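Right, one structure below, let's go through it.
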Amino acid sequence: MASVGIVGAGTAGLHLGLQLVQAGIPVTIYTNRTADEVGSGRLTNSVAHHAVTIDHEDRLGVNHWPVAEFGYDSHHHYFGLPDPIVFRGDFARRSRAVDYRIYQPTLMADFEDRGGKIEIRDVDVPDLQGLSERHDLLTVASGKFTLGQFFGPAVGRTPLPGPLRRLQVGLWTGIAPNDPKGVSIAASPGNGDLLEIPIYSFQGHVTALLFENVPGGELEKLVDVKHDDDPKAFRDMVLEVLRTHYPLTYARVDEAAFGLTDPKDLLQGEFTPTLRNDYAQLDNGKYVLAVGDIHSTLDPIVGQGANSASASAQVVGDAVLEDPNFDLRFMQKVADRRRNRVEAAFDWSNLMAGPPPAHLFQLVGAMAGDQELLNEFTWNFNYPDRQWDILATPERTAAAIARSAASKGAPARA
Ligand SMILES: Cc1cc2nc3c(=O)[nH]c(=O)nc-3n(C[C@H](O)[C@H](O)[C@H](O)COP(=O)(O)OP(=O)(O)OC[C@H]3O[C@@H](n4cnc5c(N)ncnc54)[C@H](O)[C@@H]3O)c2cc1C
Numbered sequence: 318m319a320s321v322g323i324v325g326a327g328t329a330g331l332h333l334g335l336q337l338v339q340a341g342i343p344v345t346i347y348t349n350r351t352a353d354e355v356g357s358g359r360l361t362n363s364v365a366h367h368a369v370t371i372d373h374e375d376r377l378g379v380n381h382w383p384v385a386e387f388g389y390d391s392h393h394h395y396f397g398l399p400d401p402i403v404f405r406g407d408f409a410r411r412s413r414a415v416d417y418r419i420y421q422p423t424l425m426a427d428f429e430d431r432g433g434k435i436e437i438r439d440v441d442v443p444d445l446q447g448l449s450e451r452h453d454l455l456t457v458a459s460g461k462f463t464l465g466q467f468f469g470p471a472v473g474r475t476p477l478p479g480p481l482r483r484l485q486v487g488l489w490t491g492i493a494p495n496d497p498k499g500v501s502i503a504a505s506p507g508n509g510d511l512l513e514i515p516i517y518s519f520q521g522h523v524t525a526l527l528f529e530n531v532p533g534g535e536l537e538k539l540v541d542v543k544h545d546d547d548p549k550a551f552r553d554m555v556l557e558v559l560r561t562h563y564p565l566t567y568a569r570v571d572e573a574a575f576g577l578t579d580p581k582d583l584l585q586g587e588f589t590p591t592l593r594n595d596y597a598q599l600d601n602g603k604y605v606l607a608v609g610d611i612h613s614t615l616d617p618i619v620g621q622g623a624n625s626a627s628a629s630a631q632v633v634g635d636a637v638l639e640d641p642n643f644d645l646r647f648m649q650k651v652a653d654r655r656r657n658r659v660e661a662a663f664d665w666s667n668l669m670a671g672p673p674p675a676h677l678f679q680l681v682g683a684m685a686g687d688q689e690l691l692n693e694f695t696w697n698f699n700y701p702d703r704q705w706d707i708l709a710t711p712e713r714t715a716a717a718i719a720r721s722a723a724s725k726g727a728p729a730r731a
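Its first residue numbered 318, the sequence shown is counted upward by one per residue in the working numbering.
Structure below.
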């Protein structure tokens with residue numbers, strides 16, 4: 318029976334490993350942090366899983382956070398124009414955000430309980446050949462910061478020159494949830510966007526504020542001012558940004574209770590969205606497959622990275638179960654099967670994080686008066702390939718707006 322090695326115990330590595338051990342395949346995950354280190358570490362993200370990913374967790378037997386208690390229903394949009402636009406899109410089924418410092422250690426324990434092996438070690442590029450010889454297939458799911466050079470930038474794609482946004486994310490108390498419970502997506506044109514996410518963390522149900530700041534804009538201070546230099550001044554700065562740029566979130570703040578849940582529950586920084594090659598060949602002739610962020614690193618503006626990592630892991634898992642010949646054909650098959658979804662998530666995220674094109678404004682304008690189109694846009698957070706079918710070109714957007722209007726017998730707007 319094929320043995321599989323996986324570098325990395327994030328969502329990509331764990332979802333792949335869990336699927337394979339469920340099918341009786343021996344799997345070893347090599348990762349550089351123990352479950353305790355992950356659980357006690359700094360916040361690294363604020364991840365929402367959408368219904369299709371939660372369906373996969375059900376299949377893997379790792380849905381420990383049922384959406385009835387932990388999920389949310391809607392996206393509450395706000396566009397801070399002189400005449401603000403406010404509307405709400407509803408999901409057909411709930412999404413859910415759980416702090417990854419709870420999620421990942423829990424899945425690591427599940428994986429080991431089911432017979433998977435975890436070896437704690439730091440893996441560097443020269444180690445890959447030795448690891449590949451221990452297994453029939455070696456995959457790398459080490460995230461956006463290490464080993465990427467082994468795969469290299471995706472052939473046929475022009476690499477982005479730098480980050481599209483500069484990020485601050487933190488967990489906060491003192492913000493009443495939206496009704497219905499949902500994520501707020503608020504735009505301060507020219508300055509940035511705020512994603513306000515109901516998330517389950519160590520203190521229970523709290524709020525993640527993910528500020529997506531435009532480089533060079535006035536909100537870069539959210540990234541550059543350091544919390545530990547003066548925690549009170551930092552808190553006051555965040556409060557002032559909410560008041561002046563994101564008033565609908567500010568309206569739900571109880572100032573007496575507003576505060577960071579813990580100094581560790583804060584992340585500031587930036588990275589360049591990157592698409593890398595699906596696989597690379599070692600000197601011994603074996604191929605190594607990339608899964609998750611190491612393959613496609615996305616700006617988190619539309620919350621697609623982990624959902625994409627899970628979908629990609631599933632393609633790899635299905636392929637291993639179907640055809641355990643880990644040659645060039647296998648690699649090409651995996652690449653073909655996941656390309657549409659992975660690249661659509663990448664392209665859509667870049668479109669939303671970059672300077673907004675005119676057809677995005679047209680879609681927003683149409684959605685403000687077309688609840689079905691808005692709900693379709695919201696549900697498509699589950700299906701980035703369908704979203705990209707709508708947004709890839711101005712012509713596609715115009716056609717989607719016209720199609721939705723025609724389905725109701727109304728004249729097409731925009
Ligand atoms: C602020 C923010 C918000 C986000 N919000 C969302 C969201 O709402 N929805 C969404 O879908 N995505 C979101 N994302 C993206 C999401 O966090 C990532 O896409 C996802 O976590 C990637 O999973 P992964 O398994 O590929 O990598 P990771 O989760 O980074 O896991 C990498 C693993 O490899 C290990 N490792 C790393 N290097 C080595 C090495 N050299 N040797 C051995 N082990 C190694 C690490 O310890 C870790 O276990 C967000 C990201 C950020 C930054």
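Just so it is clear, CB atoms sit at the ideal spot from N, CA and C, and this is done for glycine as well. The structure presented is a predicted model; accordingly, all values stated were derived computationally and were not measured.
Query	Result
How many angstroms separate the CA atom of K603 from the CA atom of S627?	24 angstroms
At a cut-off of 7 angstroms, would you count Y347 as near ligand 1, judging by its Cβ distance to the nearest heavy atom?	yes
Taking 7 angstroms as the cut-off, is the beta-carbon of S459 closer than that to any non-hydrogen atom of ligand 1?	yes
Is A368 a contact residue of ligand 1, with contact defined as CB to any heavy atom under 7 angstroms?	no
Just verifying my parser: in three-state terms, what is the DSSP assignment at E587?	coil
So is the beta-carbon of R350 under 7 angstroms away from any non-hydrogen atom of ligand 1?	yes
Taking 8 angstroms as the cut-off, does the segment 364-384 touch the segment 399-418 (at least 3 CB pairs, one atom from each stretch)?	yes
Is the segment 386-393 in contact with the segment 420-434, if contact means three or more CB pairs nearer than 8 angstroms?	no
The alpha helix (DSSP H) that contains Y417, what's its start and end?	Y417 to D430
So is the beta-carbon of P422 under 7 angstroms away from any non-hydrogen atom of ligand 1?	no
Should A623 be listed as close to ligand 1, given that the test is whether its C-beta is under 7 angstroms from any heavy atom?	yes
Tell me, which residues are paired with K434 by DSSP?	T345
May I ask you to report which of helix, strand or coil DSSP gives D390?	strand
Do you know whose CA, among Y347, S320 and T561, lies nearest A329's CA?	Y347
Hey, quick one: how far does the alpha helix (DSSP H) through Y567 stretch, first residue to last?	P564 to Y567
Three Cβ pairs or more, each shorter than 8 angstroms: is that satisfied between the segment 553-561 and the segment 493-501?	no
In its own chain, which residues sit with a C-beta less than 6 angstroms from the C-beta of V440, not counting the 5 before and 5 after it?	V324 and Y347
What's the call for H373, buried or exposed, on a 16-neighbour Cβ count within 10 Å?	buried
Identify whether G325 lies in helix, strand or coil by the three-state DSSP scheme.	coil
Between T463 and ligand 1, is the CB less than 7 angstroms from at least one heavy atom?	yes
Identify the continuous alpha helix (DSSP H) that holds T370 and give its terminal residues.	A368 to L377
My understanding is that V523 touches L584, with C-beta atoms under 8 angstroms, so please give their C-beta distance in whole angstroms.	At roughly 15 angstroms, the Cβ-Cβ gap does not stay under 8 angstroms, so V523 and L584 are not in contact.
In chain order, what residues of the same chain have a beta carbon less than 7 angstroms from the beta carbon of A731, not counting five sequence neighbours either side?	Since pLDDT at A731 reaches only 47, below the 50 mark, its modelled position is unreliable, and the value read off the structure follows with that caveat. Contacts found: Q679, G682, A683, A715 and I718.
What are the partner residues of N699, as DSSP defines its beta bridges?	Partner(s): none; N699 has no beta bridge.
Closest by CA to S357, which one among F643, V619 and K581?	K581
Which residues in the same chain have their Cβ closer than 7 angstroms to the Cβ of R451, if we skip the five residues on either side of it in sequence?	G322
Mapping the DSSP letters down to three states, classify G330 as helix, strand or coil.	helix
Can you give me the start and stop residues for the alpha helix (DSSP H) that S666 sits inside?	L645 to A670
Measuring alpha carbon to alpha carbon, tell me which residue in I492, A652 and A661 is nearest R560.	I492
Expressed to the nearest angstrom, what Euclidean distance is found between the alpha-carbon atoms of L677 and P476?	23 angstroms
So, at 6 angstroms on beta carbons, what are the nonlocal neighbours of R405 in its own chain, with the 5 sequence-adjacent residues on each side left out?	S391 and H393
Label T591 either buried or exposed according to how many other C-beta atoms from any shown protein chain fall within 10 Å of its C-beta, with 16 as the threshold for buried.	buried
Got a sec: does ligand 1 put a non-hydrogen atom nearer than 7 angstroms to the Cβ of S363?	yes
Any chance the segment 526-539 sits against the segment 635-652, with 3 or more Cβ pairs inside 8 angstroms?	no
Run the CB neighbour count on I437, radius 10 Å, all protein chains shown included, and call it buried at 16 or more, exposed below.	exposed
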